[in-house]
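Residue numbers (the working numbering): 1214 to 1385.
All C-beta atoms, glycine included, are put in the ideal place defined by N, C-alpha and C.
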């Protein structure tokens, strides 16, 4: 703000001063002290929460069961952000024979209304969630990773073997 013309209630010219008592003119400017940052698009931050209770210890899982293996912390800034595709990479190779499916849930519940999407662990050690179109609202949300393991048997789907490791990382 560098000039002000003001009149009082009687239409007389009023003197305009800043908080220090200096008359406001082109040589005495008022400056805003706040900063406004403009964002052209939303920003998504993703973190694997390995230190959270329940996800911070190694576990032994029984073949044929399912369990929670991880939690993703998602934070959207400036606006909601849609996740179209997501890749998780298993840290160990050749474990796809033991994994039936890998699913993402909004809460730590396998209820159908909490399901975001499911995929399978490929021979490249990647689970690709294609076209999940999950919207992360502005703020922070957690997404839970559930793995269903194959049984250990000689049946068609019983291909699990022992000592496989399931530990995911987010792939870019």
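- Cα atoms of residue 1280 and residue 1359: separation of roughly 6 Å, rounded to the nearest angstrom.
- Residues of the same chain with their beta carbon placed closer than 6 Å to that of residue 1225 are lacking, with the five preceding and five following residues left out of the count.
- Note on the region 1255–1292: there is no whole alpha helix (DSSP H) run with a minimum of 4 residues.
- The three-state secondary structure of residue 1306, taken from DSSP, is coil.
- Residue pairing by DSSP puts residue 1355 in a beta bridge opposite 1286.
- Annotation: the continuous beta strand (DSSP E) that includes residue 1315 extends over 1312–1318.
- Between residue 1256 and residue 1262, the alpha-carbon positions lie close to 19 Å from each other.
- Within the same chain, 1279, 1316, 1359 come within 8 Å of residue 1323 by CB-CB distance, once the 5 residues on both sides are set aside.
- Pairing residue 1381 with residue 1282 gives a Cβ-Cβ distance under 8 Å.
- A distance below 6 Å between beta-carbons, with the five flanking residues on each side excluded, links residue 1379 to the following residues of its chain, in chain order: 1282, 1360.
- Burial check for residue 1348: the Cβ neighbour count within 10 Å stays below 16, so the residue is exposed.
- Checking the DSSP bridge columns, you'll see residue 1384 partnered with 1300.
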